[in-house]
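Student: As you go down the protein sequences, you meet chains A and B in turn.
Using our numbering, count along the first sequence one by one with no gaps and you end on 576.
Using our numbering, count along the second sequence one by one with no gaps and you end on 394.
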Amino acid sequence: AQTVTQSQPEMSVQEAETVTLSCTYDTSESDYYLFWYKQPPSRQMILVIRQEAYKQQNATENRFSVNFQKAAKSFSLKISDSQLGDAAMYFCAYRSKDDKIIFGKGTRLHILP
Amino acid sequence: DTAVSQTPKYLVTQMGNDKSIKCEQNLGHDTMYWYKQDSKKFLKIMFSYNNKELIINETVPNRFSPKSPDKAHLNLHINSLELGDSAVYFCASTLGGNEQFFGPGTRLTVL
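Quick look at the structure:
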């Protein structure tokens, strides 16, 4: 069975600085999708970024980018120029071939003004 | 226009009652899901329906029964509510291998 591990329950970063959230996963599949979701205090789940496993190029979305290391089964999220609005829970997620999505336990990110 | 909507957003009820949460998506997606997020924020899949057919049914008590009248709706009915059912329940939908779009969540409190 697939698992997703986020080893950092909480992190803090100074506003305008860069922070990296780590995520590792375990799977025997070769084709899958990986996601980072953000959950602010409003509790809405918002997609931050998506990566297809067959693509070697790391996905980027404005200030958000990933470091996808398929062999190491690692999928970290880098947030550049952190803003107060980035404060949220961040969930790493794995989507398997049978359409099941498995979430990590989340990392709570605090932005320090 | 709201893409994935859930009603109600908040639900407070007594133990032993039966309640339903409704979910609708207007995105034309073919797959819908129910997730439970516990007090520690852990998000776990409960059910998944594809074109009105159940395709994922995790280890969930049979007091929980999903119903999909059409592919735009997936409702969740819960019988004999227990204290441990208190959580936030999220509906989501997807099309193919794309990301899931989540509803705003329903906070269920069982007293």
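Even for Gly, the Cβ is constructed at its ideal location relative to N, Cα and C.
Bear in mind the structure is a predicted one, so any value in this text is a computation, not a measurement.
#1: Report yes or no: do the segment 519-529 of chain A and the segment 341-360 of chain B share at least 3 C-beta pairs separated by less than 8 Å?
#2: Could you compute how far the alpha carbon of A:Y517 sits from the alpha carbon of B:V295?
#3: Determine, for B:Y327, whether the minimum Cβ-Cβ distance to residues of chain A falls below 9 Å.
#4: Distance cutoff 9 Å, beta carbons only. Does A:L484 sit that close to anything in chain B?
#5: Tell me which residue opens and which closes the beta strand (DSSP E) that B:P349 is part of.
#6: Give a yes or no on whether the C-beta atoms belonging to B:E307 and A:Y496 are separated by under 9 Å.
#7: I'd like to check one pair, A:E492 with A:T570: are the Cβ atoms closer than 9 Å?
#8: Which of the residues in the segment 491-515 of chain A, read from start to end, lie with their CB under 7 Å from any CB of chain B?
#9: Look up A:L575 in the DSSP assignment and give the residues it is bridged to.
#10: Note the first and the last residue of the continuous beta strand (DSSP E) segment covering A:D489.
#11: Please list the residues of the segment 371-386 of chain B that have a C-beta atom closer than 7 Å to any C-beta atom in chain A, keeping them in chain order.
#12: If you check the beta carbons only, do A:Y557 and A:L572 fall under 9 Å apart?
#13: To which residues of the same chain is B:K319 closer than 7 Å at the C-beta, ignoring the five residues directly before and after it?
Tutor: Quick answer:
#1: no
#2: Translated into positions along the first sequence, residue 517 of chain A becomes position 54. Translated into positions along the second sequence, residue 295 of chain B becomes position 12. Spanning the two alpha carbons is a distance of roughly 45 Å.
#3: Along the second sequence, read from residue 1 onward, the residue named residue 327 of chain B stands at position 44. The sequence as given places Lys at residue 327 of chain B; Tyr does not occur at that position. So, interface residue.
#4: Position 21 of the first sequence holds residue 484 of chain A. Closer than 9 Å: no.
#5: Position 66 of the second sequence, counted from the start, is the residue given in the question as residue 349 of chain B. 347-353 is the span of the beta strand (DSSP E), which, as asked, contains B:P349.
#6: The residue given as residue 307 of chain B occupies position 24 in the second sequence. The residue given as residue 496 of chain A occupies position 33 in the first sequence. No, they are not a contact pair.
#7: The residue you call residue 570 of chain A lines up with position 107 of the first sequence. The residue you call residue 492 of chain A lines up with position 29 of the first sequence. No.
#8: Y496, F498, R506, Q507, M508, L510, R513
#9: Start at 1 with the first residue of the first sequence, and residue 575 of chain A comes out as number 112. According to DSSP, A:L575 bridges with A:Q477.
#10: Taking the first residue of the first sequence as position 1, residue 489 of chain A is located at position 26. Element bounds for A:D489: 487-489.
#11: V371, F373, G380, E382, Q383, F385
#12: On the first sequence, residue 557 of chain A is found 94 positions in, with the first residue counted as 1. On the first sequence, residue 572 of chain A is found 109 positions in, with the first residue counted as 1. No, Cβ-Cβ distance for A:Y557 and A:L572 is not below 9 Å.
#13: As a working note, residue 319 of chain B is residue 36 in the second sequence. Excluding residues within five positions, the ones whose Cβ falls inside 7 Å are K327, M329, A370, Y372.
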